[in-house]
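Below: one structure, written as structure tokens.
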Amino acid sequence: MDQNELKKQVGYKAAEFVEDGMTVGLGTGSTVKFLVDALGERVQNEGLKIVGVPTSDRTREQALSLGITVKGIDEVDHIDLTIDGADEIDNNFQGIKGGGAAHLWEKIVAINSTKNMWIVDASKMVDTLGKFPLPLEVIPYGSGQLIKKLDKMGLKPELRKRDGEIVLTDSKNYVIDLHLDAIEDPHDLEKELIQMVGVVEQGFFLDLVNTVIVGREEGPQVID
Ligand code: 5RP
């Protein structure tokens, strides 16, 4: 099975955990795209009734196109379950997210959810976080100065660009990726980064997830 098939496997498996009447946080990314496809099929074929709370404009558009009812984060009074992808997950279920530049909205939805589930192919499971660059969402004003500070701290910052253009988040912020390789103490670094003026949110998702579904050759592995 290639990586895409494993992503599809976990996306469809996760959709089985969604029950009629639920308010569901919908993550962002290529794995979540399969989840939203699967939920759209359930809405159309089984008459499943859910409210989706999307974590990006991309996910919102996909959900609406499939007939899923969508509400904004401030239009719901609770979220039963949020299902999202991740870029890295360690053995203690701590994660890095933000590869799709959506980690600010993803975290707001996650911390307002009763339960959080991550869906990943097996390549995302790691012993130590950090090989995947840690994203920071930062406001554009002063981001050049912030990059200099991060550089002096030895955190190897890089402003995220695509096709030579600076990537903008859905909140019209920039993303700075920290190329750290191995992060010994995510909690310590999280505290340090979030205090920096201009950093809106960082990509550690620590002590947040309840269930992880890992896509494997032999079938999806559900870990609670
Ligand atoms: C977006 C994210 C995604 O969940 C993460 O990047 C995983 O994406 P994919 O499923 O495409 O591998 O955090 O900001």
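Residue 224, in UniProt numbering, is where the sequence shown stops; the numbers in between run on with no holes. In this text, a Cβ means the ideal position worked out from N, Cα and C, and glycines have one as well. What you are looking at is a predicted structure, and each value in this text was computed from that prediction instead of being measured.
Beta-carbon gap between residue 87 and residue 132 smaller than 8 Å: Taking the first residue of the sequence shown as 1, we reach residue 87 at position 87. Taking the first residue of the sequence shown as 1, we reach residue 132 at position 132. It is a contact, given that the beta carbons lie within the stated cut-off.
What residue ranges within the segment 80-144 form continuous beta strand (DSSP E) runs of no fewer than 3 residues, ordered along the chain? Correct list: 113-121 and 134-138.
When the Cα atoms are used, what is the spatial distance from residue 156 to residue 170? Your numbering for residue 156 matches position 156 in the sequence shown. Your numbering for residue 170 matches position 170 in the sequence shown. Roughly 25 Å separates the two Cα atoms.
Determine the closest residue to residue 147 out of 12, 139, 176 and 33, with distance taken between C-alpha atoms. The residue labelled residue 147 in the question sits at position 147 within the sequence shown. Of 12, 139, 176 and 33, the residue nearest in Cα terms is 176.
Cβ atoms of residue 106 and residue 23: under 8 Å apart, would you say? The sequence position of residue 23 within the sequence shown is 23, counting from 1. The sequence position of residue 106 within the sequence shown is 106, counting from 1. Cβ distance not < 8 Å, so residue 23 and residue 106 don't count as in contact.
Count the other C-beta atoms from every protein chain shown that fall within 10 angstroms of the C-beta of residue 182, then say buried if there are 16 or more, exposed otherwise. The residue given as residue 182 occupies position 182 in the sequence shown. Classification for residue 182: exposed.
Please confirm whether residue 62 and residue 215 have their CB atoms less than 8 Å apart. Taking the sequence shown and counting its residues from 1, one reaches residue 62 at position 62. Taking the sequence shown and counting its residues from 1, one reaches residue 215 at position 215. Not a contact, by the Cβ cut-off of 8 Å.
Beta carbon of residue 87: closer than 7 Å to some heavy atom of the ligand 5RP? Translated into the one-based positions of the sequence shown, residue 87 becomes position 87. Yes, the ligand 5RP has a heavy atom inside 7 Å of this Cβ.
From residue 211 to residue 196, what does the alpha carbon distance come to, in whole angstroms? Working through the sequence shown from its first residue, we reach residue 211 at position 211. Working through the sequence shown from its first residue, we reach residue 196 at position 196. Taking the straight line from one Cα to the other gives about 31 Å.
Residues in the same chain with beta-carbon distance under 8 Å from residue 32, minus the five sequence neighbours each way, listed in chain order, please. As a first step, residue 32 must be located in the sequence shown, where it is residue number 32. Excluding residues within five positions, the ones whose Cβ falls inside 8 Å are 11, 26, 59, 83, 84, 85 and 119.
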